[in-house]
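There are 2 protein chains.
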Amino acid sequence: MNTQSPLSATESLGVMLSLVRAELVRSMEDELAASGLDLSYTQFLILKKLAKLGPMSASNLARTVELDGGAMTRQLDQLERKDYLRRCPHEQDRRALRIELTEAGAAQSQQLTDCSARVLEAAQRSLSETERNQLHDYLTRVLHALRDKN
Amino acid sequence: MNTQSPLSATESLGVMLSLVRAELVRSMEDELAASGLDLSYTQFLILKKLAKLGPMSASNLARTVELDGGAMTRQLDQLERKDYLRRCPHEQDRRALRIELTEAGAAQSQQLTDCSARVLEAAQRSLSETERNQLHDYLTRVLHALRDKN
DNA sequence: GCCATATATTTGCCTTGACAAATAAACTTA
DNA sequence: TAAGTTTATTTGTCAAGGCAAATATATGGC
């Protein structure tokens, strides 16, 4: 199922967000696969954050990508098995881990960035620079409106 | 987990979409619960479509709310158990079902509309009418760009 | 130092949705 | 009209994420 529907003239915001997000995730995973990377969208986000921000604890990483802590544990299991990252002991906190990229993981950080850039560019290709900024701005404002109830 | 993170200055489009959608779904479900309706977001969408478009087949409904056919079967099971809808035989097509609201289901259609309106209004309260239209337009254009690959 | 509380990680349980296979019925076409 | 193809519904299987409980450790107040 999940055949493309013609999409009625005015879908509500919630539906639009779901559709766009789902399509973006699919495109991203296709692009990753096409680049020879065996990564889910979530795993892509995790590696990208690590590459950008450097080693950090698992819970920190979970907060950064807005993922549940339990789900993070399991994603880390997979990424460790694929040898993209390592769990090291945390220097200051013996409860925590220091998650760091392996050499193999670091080696692909450029590819991740490239995939991401290509997909985002394709997705927004009909939007001008100004419109892209507006889109981002509007989404940010909606998010804040929802979080700061009232 | 899933504590609110401060949300860095420029999250990528994919992340923003996920965040906004998740928050919108949560708000919607809170609002439904506050109105005494025991419905998930998906169930809300199904009932709302039925109320708006009238009886239709399950697969039609699935396409309309962009839900997998198998998932639809199970949601219909739940909604039927809650006595919000009925599976009737389809007049012209013996393979298909005619899904229709029960009296109880129809009685709540106004509440669904109200909940939805309140949440959408709250979510977009900082956007002008023009901006809301732009947001919708941009999302539509991004969706088309992703679907019509290149 | 001791206790209460908060945080980090892991694990189990549950629900959801995607995907695929099975079955039944409709449609196409030769 | 018979064969092949498409569509509708259901069910099984799977991976993912949320939530809660368990365990270990840190932290703050006394």
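Chains A and B, in that order, are what the protein sequence lines are.
According to my numbering, the stretch in the first sequence is residues 1 to 150, in order.
According to my numbering, the stretch in the second sequence is residues 1001 to 1150, in order.
Here a beta-carbon is modelled for each residue, glycine too, at the ideal position from N, C-alpha and C.
From a predicted model like this one, the values you see are computed outputs, not experimental measurements.
THR102 (chain A) and ASP114 (chain A) closer than 7 angstroms at C-beta: no
Verify the CB distance criterion: does ILE1054 (chain B) have a CB-CB separation below 7 angstroms to chain A? Reading the sequence as shown, one finds Gly at residue 1054 (chain B) and not Ile. Not an interface residue.
Could you pull out every unbroken beta strand (DSSP E) segment of at least 3 residues lying fully inside the stretch 1071-1140 of chain B, listed in chain order? 1085-1089, 1097-1101
Whole angstroms is fine: what's the gap from ARG81 (chain A)'s alpha carbon to LEU1017 (chain B)'s? 29 angstroms
Just to check my reading of the structure: SER40 (chain A) and GLU29 (chain A) have Cβ atoms closer than 8 angstroms, yes? What is that Cβ distance to the nearest angstrom? 7 angstroms
Going by the DSSP bridge assignment, what does MET1056 (chain B) pair with across the sheet? B:ILE1099
Hey, how far is the Cα of PRO55 (chain A) from the Cα of ARG98 (chain A)? 6 angstroms
Between which two residues does the alpha helix (DSSP H) carrying GLU23 (chain A) extend? 13-34
With C-beta atoms as the reference, is ALA145 (chain A) less than 7 angstroms away from SER1116 (chain B)? no
Is it buried or exposed for LYS48 (chain A), if we count other Cβ within 10 angstroms and need 16 for buried? buried
Look at ALA1051 (chain B) and MET1072 (chain B) and say whether their C-beta atoms are less than 7 angstroms apart. no
Excluding five sequence neighbours on each side, which residues of the same chain lie with their C-beta closer than 8 angstroms to the C-beta of LEU1104 (chain B)? Per the sequence presented here, residue 1104 (chain B) reads as Ala, with Leu not at that position. So the list reads ASP1083, TYR1084, once near-sequence residues are dropped.
Can you find the residues in the same chain that come closer than 8 angstroms, C-beta to C-beta, to GLN108 (chain A), ignoring five residues on each side of it along the sequence? LEU37, LEU47, TYR84
For ARG74 (chain A) and VAL1142 (chain B), the rounded distance between their alpha carbons: 32 angstroms
Mind listing which residues of the stretch 1074-1105 of chain B have their C-beta closer than 7 angstroms to chain A's C-betas, in chain order? none
Any beta carbon of chain A sitting closer than 7 angstroms to that of SER1040 (chain B)? no
Please check if any C-beta of chain B sits within less than 7 angstroms of the C-beta of SER126 (chain A). yes
DSSP three-state call for VAL142 (chain A): helix, strand or coil? helix
Under the three-state reduction of DSSP, which class applies to LEU50 (chain A): helix, strand or coil? helix
Buried or exposed: which applies to GLY70 (chain A), given that a residue is buried once 16 or more other Cβ atoms fall within 10 Å of its Cβ? exposed
Could you check if ALA1034 (chain B) is buried or exposed, using at least 16 other CB atoms within 10 Å of its CB as the buried criterion? exposed
Verify the CB distance criterion: does GLU23 (chain A) have a CB-CB separation below 7 angstroms to chain B? yes
Compute the Euclidean distance between the alpha carbons of ALA1123 (chain B) and LEU67 (chain A), then round it to the nearest angstrom. 22 angstroms
Using the beta-carbon count (16 or more within 10 Å), is ARG1095 (chain B) buried or exposed? exposed
Interface partners of ALA1123 (chain B) on chain A, CB under 8 angstroms: LEU13, VAL142, ALA145, LEU146
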